[in-house]
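> Take this structure first; my questions come after.
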DNA sequence: TGTCATCTGTCATTGACTGACACTAAATTG
DNA sequence: CAATTTAGTGTCAGTCAATGACAGATGACA
């Protein structure tokens, strides 16, 4: 990787760090883009070359997590039922997050604390999640062998995303808290749902029908 | 009601109408607050005395619907299970919407088309819904006789809100479309969920335990 | 009619965000 | 190792949403 790209990455990280720190101390709205840029010795115009908006800087880590989640999902074996595949993807992503270097996990926890304490950012985070929902539905529909505008895959994904949001909503001191809350919610879901609820009503041309478990 | 209040109501309605029309023809971002205000022969400062933001004007009708829904919920008998009470409140609200005068239903349909075709407004609408989620959880938790930070009422509400969002997400030409989509989703939910899933795991001090249905 | 509270317009200001252009430094090529 | 292309950055000017302050207008009410 060339010098140019390394420099860019360093600037970007510095901007995220500066943004998170300022947001957490002075508050999100009270912090101006100019202040963030000044902290990194960069013009505010440059800030907007890295991030589409002030909000984008605060949510960039969450957006990356979303991408990781989606990447996990497409690696899940076709033998898993849709909801199982979604759950396992989430577990895998949480696992990966825990294995990052300290600087990165620090950022993630900071970002999470910030989002949780700033209503407009919480809303923005949910917007991110919902934007991914479309892609999730497409993948789940494919697995189920039904068209993406079928209600069933939409329902499955909506239910799962709801759990994810509840997970995000709760108090989160560290990644362990989050993982624990997530497992509690999965248990609750299992108690509430009929076995096989996420299998296609009219089994389509999808892969192997999973065992009844 | 005095002349003053009537005048105010007229200005407000005119602003909403002008906003919806301009948003739908020129596009949401392409329309400035000044243009909306000019259409009603009012200064843009006045616009912001009626609406907290440009987005607020586009979402004011949706916000009113939310309030109506919540008002319905608190009138549902305690004998209904939480999810049944939520579903019935939604049906009641949709019923009320259909009985409004033509001017009002026209606005509602316009607003819905606009929101559906403008990503940032769709996000804003979901933010509105999510903000209400807290109040819904409080009411459902009360009915279940558990504290509001219990996971179960949160799960029940999250599931219901998810259905509401799916309903909002789909193509909506008129209020009938929406009602039909909503019923389809409820059927799907019933097929997926275990009977009694929304009853408190540890029955608390809540009202009468509903019949098994 | 006269006072009072409320609504409104005007003006000034802040801050997010964008486009245009020039300048610098890295990357690439002969 | 130059020469040239390419990408990243700073500066400047400008738009638009949103807010505070003050003054004038207008319905409410004694």
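Chains as they are written, first to last, in the numbering used here: chain A, 1 to 213; chain B, 1001 to 1213. The beta-carbon is built from N, C-alpha and C at its ideal position, and this holds for glycine as well.
Between residue 1123 of chain B and chain A, is the shortest Cβ-Cβ distance under 8 Å, so that the two count as touching?
Counted from its first residue, the second chain places residue 1123 of chain B at position 123. Answer yes: the Cβ-Cβ gap between residue 1123 of chain B and chain A drops below 8 Å somewhere.
> For residue 1020 of chain B, does the three-state DSSP call read helix, strand or coil?
Counted from its first residue, the second chain places residue 1020 of chain B at position 20. Residue state, collapsed to three classes: helix.
> For residue 1100 of chain B, name the three-state secondary structure that DSSP assigns.
By 1-based counting over the second chain, the position of residue 1100 of chain B is 100. Residue 1100 of chain B: coil per DSSP, three-state reduction.
> For residue 193 of chain A, which of helix, strand or coil comes out of DSSP?
In the first chain, counting from the first residue as 1, residue 193 of chain A sits at position 193. Here residue 193 of chain A sits in strand by DSSP.
> From residue 1008 of chain B to residue 101 of chain A, what distance separates their C-alpha atoms?
Working through the second chain from its first residue, we reach residue 1008 of chain B at position 8. Working through the first chain from its first residue, we reach residue 101 of chain A at position 101. Residue 1008 of chain B and residue 101 of chain A have their alpha carbons spaced roughly 58 Å apart.
> Assign residue 87 of chain A to one of two classes, buried (16 or more other C-beta atoms within 10 Å of its C-beta) or exposed (fewer than that).
To locate residue 87 of chain A, count along the first chain from 1; it is residue 87. Classification of residue 87 of chain A: buried, given that the 10 Å Cβ count is 16 or more.
> For residue 155 of chain A, return the contacting residues in chain B, with the cut-off set at a CB-CB distance below 9 Å.
To locate residue 155 of chain A, count along the first chain from 1; it is residue 155. Chain B residues near residue 155 of chain A: 1162, 1163, 1166, 1185, 1188, 1189 and 1192.
> Mind pulling the chain A residues with CB within less than 7 Å of residue 1199 of chain B?
If you number the second chain from 1, residue 1199 of chain B lands on position 199. Simply none; closest approach about 10 Å.
> Residue 124 of chain A and residue 59 of chain A - do their beta-carbons sit closer together than 8 Å?
Here residue 59 of chain A is taken as the residue at index 59 of the first chain, counted from 1. Here residue 124 of chain A is taken as the residue at index 124 of the first chain, counted from 1. Yes, they are a contact pair.
> Cβ closer than 8 Å: which chain B residues qualify as neighbours of residue 152 of chain A?
Residue mapping note: residue 152 of chain A aligns to position 152 of the first chain, counting from 1. The answer, in chain order, is 1188.
> Could you have a look at residue 250 of chain A and say whether DSSP puts it in helix, strand or coil?
Lying outside 1 to 213, the shown extent of chain A, residue 250 of chain A is not represented and no answer is given.
> Of all Cβ atoms in chain B, is any one closer than 8 Å to the Cβ of residue 126 of chain A?
To locate residue 126 of chain A, count along the first chain from 1; it is residue 126. Yes, its Cβ sits closer than 8 Å to a Cβ of chain B.
> Only counting runs of 4 or more residues, tell me where the alpha helix (DSSP H) segments fall wholly within the segment 1055–1139 of chain B, in order along the chain.
1082–1098 and 1102–1116
> When DSSP labels each residue in this structure, what does residue 158 of chain A get in the three-state scheme?
By one-based count along the first chain, residue 158 of chain A stands at place 158. In the three-state DSSP reduction, residue 158 of chain A falls in the helix class (H, G or I).
> What's the gap between the Cα of residue 1162 of chain B and the Cα of residue 200 of chain A?
Along the second chain, read from residue 1 onward, the residue named residue 1162 of chain B stands at position 162. Along the first chain, read from residue 1 onward, the residue named residue 200 of chain A stands at position 200. About 20 Å.
> Taking Cβ positions only, does residue 994 of chain B come closer than 8 Å to chain A?
The structure shown does not extend to residue 994 of chain B, since chain B is modelled only from 1001 through 1213, so no value can be given for it.
> When you compare the CB of residue 1081 of chain B with every CB in chain A, is at least one pair closer than 8 Å?
In the second chain, residue 1081 of chain B corresponds to position 81, counting from 1. So, not an interface residue.
> Have a look at residue 1146 of chain B and residue 1176 of chain B and give me their C-alpha separation to the nearest angstrom.
As a first step, residue 1146 of chain B is located in the second chain; it is residue number 146 there, counting from the start. As a first step, residue 1176 of chain B is located in the second chain; it is residue number 176 there, counting from the start. If you take the alpha carbons of residue 1146 of chain B and residue 1176 of chain B, they lie about 36 Å apart.
> By DSSP, does residue 1033 of chain B sit in helix, in strand, or in coil?
Position 33 of the second chain holds residue 1033 of chain B. Residue state, collapsed to three classes: helix.
> Which chain A residues are close to residue 1159 of chain B, counting only those with a beta carbon under 7 Å from its beta carbon?
Here the question's residue 1159 of chain B lines up with position 159 in the second chain. Listed along chain A are 159 and 162, each with a C-beta nearer than 7 Å to that of residue 1159 of chain B.
> Just the C-alpha distance for residue 23 of chain A and residue 111 of chain A, rounded to the nearest angstrom, thanks.
For the purposes of this step, residue 23 of chain A is identified with residue 23 of the first chain, where counting begins at 1. For the purposes of this step, residue 111 of chain A is identified with residue 111 of the first chain, where counting begins at 1. Rounded to the nearest angstrom, the two C-alpha atoms are 9 Å apart.
> So, under 8 Å CB-CB, residue 1047 of chain B and residue 1070 of chain B are touching, yes? Tell me the CB distance rounded to an integer number of Å.
The residue labelled residue 1047 of chain B in the question sits at position 47 within the second chain. The residue labelled residue 1070 of chain B in the question sits at position 70 within the second chain. Incorrect: roughly 27 Å between the Cβ atoms, too far for contact.
> Distance, Cα to Cα, residue 65 of chain A vs residue 191 of chain A?
Your numbering for residue 65 of chain A matches position 65 in the first chain. Your numbering for residue 191 of chain A matches position 191 in the first chain. Computed Cα separation, rounded: 28 Å.
> For residue 229 of chain A, which option in A:198, A:181 and A:61 has the closest C-alpha, if you only look at C-alpha atoms?
Because chain A in this structure spans residues 1 to 213, residue 229 of chain A falls outside the shown range and cannot be described.
> Give the C-beta separation of residue 97 of chain A and residue 115 of chain A to the nearest angstrom, bearing in mind that I take them to be a contact with Cβ-Cβ under 8 Å.
Counted from its first residue, the first chain places residue 97 of chain A at position 97. Counted from its first residue, the first chain places residue 115 of chain A at position 115. That pair is no contact at about 15 Å.
> One question on the structure: do residue 164 of chain A and residue 181 of chain A come within less than 8 Å of each other, judged by their Cβ atoms?
Locating residue 164 of chain A in the first chain gives position 164, counting from the first residue. Locating residue 181 of chain A in the first chain gives position 181, counting from the first residue. Cβ atoms of residue 164 of chain A and residue 181 of chain A: not closer than 8 Å.
> Could you check which residue in B:1072, B:1183, B:1039 and B:1034 has the C-alpha nearest to that of residue 1054 of chain B?
Walking along the second chain from the start, residue 1054 of chain B turns up at place 54. Minimum Cα distance to residue 1054 of chain B is reached at B:1034.
> For residue 1182 of chain B, which three-state DSSP category applies?
Start at 1 with the first residue of the second chain, and residue 1182 of chain B comes out as number 182. In the structure shown, residue 1182 of chain B sits in a helix (DSSP, three-state: H, G or I).
> Contact defined as beta carbons within less than 8 Å: I believe residue 73 of chain A pairs with residue 85 of chain A. What is the distance between those atoms, to the nearest angstrom?
Taking the first residue of the first chain as 1, we reach residue 73 of chain A at position 73. Taking the first residue of the first chain as 1, we reach residue 85 of chain A at position 85. Indeed, because the Cβ distance is near 6 Å, the residues count as touching under 8 Å.
> Taking the alpha-carbon of residue 159 of chain A as reference, which of A:41, A:198, A:174 and A:149 has the nearest alpha-carbon?
Here residue 159 of chain A refers to the residue found at position 159 of the first chain. Residue 159 of chain A has its Cα closest to that of A:198, out of A:41, A:198, A:174 and A:149.
> Please classify residue 1 of chain A as buried or exposed, where buried requires at least 16 neighbouring CB atoms within 10 angstroms.
Numbered from its first residue, the first chain carries residue 1 of chain A at position 1. Per the 10 Å Cβ criterion, exposed.
> Skipping 5 residues on each side, what residues in its chain have a beta carbon closer than 7 Å to that of residue 56 of chain A?
Mapped onto the first chain, residue 56 of chain A falls at position 56. If we look at residue 56 of chain A and ignore the five residues flanking it on each side, it has no Cβ neighbours.
> Could you check whether the Cβ of residue 118 of chain A sits closer than 7 Å to any heavy atom belonging to the ligand MN?
Because no ligand of any kind appears in the structure shown, any question about the ligand MN cannot be addressed here.
> Considering only the alpha carbon of each residue, which of B:1196, B:1166, B:1081 and B:1194 lies closest to residue 1184 of chain B?
Walking along the second chain from the start, residue 1184 of chain B turns up at place 184. Minimum Cα distance to residue 1184 of chain B is reached at B:1166.
> Among residues of its own chain, excluding the 5 on either side of residue 189 of chain A, which ones have a beta-carbon nearer than 7 Å to its beta-carbon?
The residue you call residue 189 of chain A lines up with position 189 of the first chain. Around residue 189 of chain A: 163.
> On the CB-based measure, 16 or more other CB atoms within 10 Å of its CB, does residue 1026 of chain B come out buried or exposed?
In the second chain, counting from the first residue as 1, residue 1026 of chain B sits at position 26. Residue 1026 of chain B comes out exposed.
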